[in-house]
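Engineer: Mind having a look at this structure? Questions to follow.
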Amino acid sequence: MDDQIDADKKAGIPEDILTAAIEKYNQPVFMDTDEINSRTEKKLKKAKELISNNDFEGARAEILDAIELKDNVAEYWNTLGETDASLNGHFVANRIAWSRFLKLAPNNPEEESILDKIADLDNKIETLNKSGLPKEILSPAVEKYDLTAFTDTDVNRRAKIHYQKAKDLVLNKDYEDARAEILGAIELKDDEADDWRILGGVDELLDAHYKENLRAWNVYLKLAPDSSKRESILDKIAVLYNKIEADKKAGKPEETLNPALTRFHQSGKFIVQIQGGPDFPISSGFASNFNMGEGAECLIGYGVNDNITLGLLSGYHSYNYQYNYPGFTYSVGVMPIEAVGQFYMGIDRIKPYLLLGAGACSDTYSITSAHSSAITYTDLLIDPGIGLAVAVSENFNFFIQAKLTMDFTSNGFFQENLALYLPVQMGCDLLF
Numbered sequence: 000m001d002d003q004i005d006a007d008k009k010a011g012i013p014e015d016i017l018t019a020a021i022e023k024y025n026q027p028v029f030m031d032t033d034e035i036n037s038r039t040e041k042k043l044k045k046a047k048e049l050i051s052n053n054d055f056e057g058a059r060a061e062i063l064d065a066i067e068l069k070d071n072v073a074e075y076w077n078t079l080g081e082t083d084a085s086l087n088g089h090f091v092a093n094r095i096a097w098s099r100f101l102k103l104a105p106n107n108p109e110e111e112s113i114l115d116k117i118a119d120l121d122n123k124i125e126t127l128n129k130s131g132l133p134k135e136i137l138s139p140a141v142e143k144y145d146l147t148a149f150t151d152t153d154v155n156r157r158a159k160i161h162y163q164k165a166k167d168l169v170l171n172k173d174y175e176d177a178r179a180e181i182l183g184a185i186e187l188k189d190d191e192a193d194d195w196r197i198l199g200g201v202d203e204l205l206d207a208h209y210k211e212n213l214r215a216w217n218v219y220l221k222l223a224p225d226s227s228k229r230e231s232i233l234d235k236i237a238v239l240y241n242k243i244e245a246d247k248k249a250g251k252p253e254e255t256l257n258p259a260l261t262r263f264h265q266s267g268k269f270i271v272q273i274q275g276g277p278d279f280p281i282s283s284g285f286a287s288n289f290n291m292g293e294g295a296e297c298l299i300g301y302g303v304n305d306n307i308t309l310g311l312l313s314g315y316h317s318y319n320y321q322y323n324y325p326g327f328t329y330s331v332g333v334m335p336i337e338a339v340g341q342f343y344m345g346i347d348r349i350k351p352y353l354l355l356g357a358g359a360c361s362d363t364y365s366i367t368s369a370h371s372s373a374i375t376y377t378d379l380l381i382d383p384g385i386g387l388a389v390a391v392s393e394n395f396n397f398f399i400q401a402k403l404t405m406d407f408t409s410n411g412f413f414q415e416n417l418a419l420y421l422p423v424q425m426g427c428d429l430l431f
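Numbering (numbering that gives the first Met the number 0), first residue to last: 0 to 431.
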């Protein structure tokens, strides 16, 4: 009966439409372990025969049937990976197949080459996603596996391979290649203290890359604060500072950091943030009475860690009244003083972030004429926002952000008790 069902499926005959009383039962439930093992092994054998005859589509159907019956056998996933690689399609399924294979066979000698294939598939999947093409339709045997669930594991594996290669190359005194390998590990995963220790040691042996050498030792001590080598490394850091200063005085070009090292390393640094741009009134009373304004702000902050900064912000925003009379100009000025938290995501040079500010603001309504006058109120201010920051260099970041500013105005100051406006800002961070 099972063979007849398989034959019907291959012949393209529509599957039986089951009644509700029957369809809730899955066919493998009725098979014992020996029967499942027998059927899956037959399907594996058939898949390999079809692969030898270059019938990859047929082989794919057979091995997917085997996986649907039994999904914890490494060889089945390896066969699916090879089949999809030969077809040069089914990129998501291929990615899942290789990752499942590595999970079920963690010490496989082909691990490195398969991780390279996974990296290539990730690039293809990303390109297809950007192209706007429909998402790949996965078979039931594969679709239950979440592609993102494998990402961290695969990254860790790739980083570990780079790390081990670097250690072997150091033993062979091939320091330049060792440096390339350990930078590869850091680019994938930059929170391993031993990676930074190796980079520091290699750059010291090369007696070059002073700025990167300095970064490596500083990050190592941050990740391993109780290191027994702390005192000797602090001495090395002092020597590197002197070498960097000597190069500056000699007029040598400033060293350009490797992209793996020009990430957000804000932890323990003081930050001066300068930003400005147009402000768009969006609440009805504010927008119907005032034109688009402009504002500038400055924040003094501190990096709690590489993903969180806290600081104090002040600035000035101004808006002109839409309806003026001859000899009179009406305007509004807002001067905020607030505490701000910024929360960055990811580990790359380009990082999205959320921000939240809260404090007080001085709202001043001015009439400019032969006899000018002004009225000032102090009000509550809250402004959540989003942004995108780019680490340009070790001590300089560029960013764009937008905030929804909520000004709880007194006495209907902006023609309403809650004035909303949207500052869209560009700016930079200076890190010390």
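Every residue, glycine too, gets a C-beta built ideally from N, C-alpha and C.
1) Classify Pro139 as buried or exposed, calling it buried when 16 or more other Cβ atoms lie within 10 Å of its own Cβ.
2) Which value, in whole angstroms, describes the spacing of the CA atoms of Ala179 and Ile270?
3) What runs of the alpha helix (DSSP H), each 4 residues or longer, lie entirely inside the stretch 159-200?
4) Under a Cβ-count criterion, where at least 16 other Cβ atoms within 10 Å of its own Cβ denotes burial, should Arg94 be classed as buried or exposed?
5) Just checking Ile307 against the ligand ATP - is the residue's beta carbon closer than 7 Å to any of the ligand's heavy atoms?
6) For Asn396, which residues in the same chain have their Cβ closer than 6 Å to its Cβ, ignoring the five residues on either side in sequence?
7) Find the nearest neighbour of Asp167 within the set Phe100, Val218, Asp225, Ile197, judged by alpha-carbon distance.
8) For Glu135, does the three-state DSSP call read helix, strand or coil?
9) Tell me, which residues are paired with Leu353 by DSSP?
10) Consult DSSP for Val423 and reduce its assignment to one of helix, strand or coil.
11) Rounded to the nearest angstrom, how far is the Cβ of Phe279 from that of Ala418, given a contact under 8 Å?
12) Taking only three categories from DSSP, how would you classify Glu293?
13) Taking the alpha-carbon positions, what's the Ile35 to Arg99 distance?
14) Could you spell out the range, first to last residue, of the alpha helix (DSSP H) harbouring Asn288?
15) Bridge partners of Pro335, per DSSP?
16) For Ser282, which residues in the same chain have their Cβ closer than 8 Å to its Cβ, ignoring the five residues on either side in sequence?
17) Hey, out of Lys69, Leu103, Ile117, whose CA is closest to His89's CA?
18) Quick one, which of Ser226, Arg229, Trp216, Lys228 has its alpha-carbon nearest Tyr240's?
19) Tell me whether Ser365 sits in a helix, a strand or coil according to DSSP, three-state version.
20) Judging by CA-CA distance, which residue of Ala357, Glu135, Glu111, Val238 is the nearest neighbour of Gly340?
21) Taking the runs of the beta strand (DSSP E) that are 3 residues or longer, which of them lie wholly in the stretch 305-330?
22) How do the stretch 183-198 and the stretch 212-226 stand: do at least 3 beta-carbon pairs fall below 8 Å, yes or no?
23) Going along the chain, which residues of its own chain have a beta-carbon closer than 6 Å to the beta-carbon of Lys45, five neighbours each way excluded?
24) So who's on the other strand from Phe55, going by DSSP bridges?
25) CA-CA distance, Ala245 and Asp206?
Structural biologist: Walking through what the data contain:
1) exposed
2) 31 Å
3) 174-187
4) buried
5) The ligand ATP is absent from the structure shown, which contains no ligands of any kind.
6) Ala388, Ala390, Asp428
7) Ile197
8) coil
9) Phe342, Ile385
10) strand
11) At roughly 12 Å, the Cβ-Cβ gap does not stay under 8 Å, so Phe279 and Ala418 are not in contact.
12) strand
13) 20 Å
14) 283-288
15) Cys360
16) Phe413, Glu415, Leu417, Ala418, Leu419, Tyr420
17) Ile117
18) Trp216
19) strand
20) Ala357
21) 307-319
22) yes
23) Glu61
24) Answer by DSSP bridge pairing: none, since Phe55 is not bridged.
25) 14 Å
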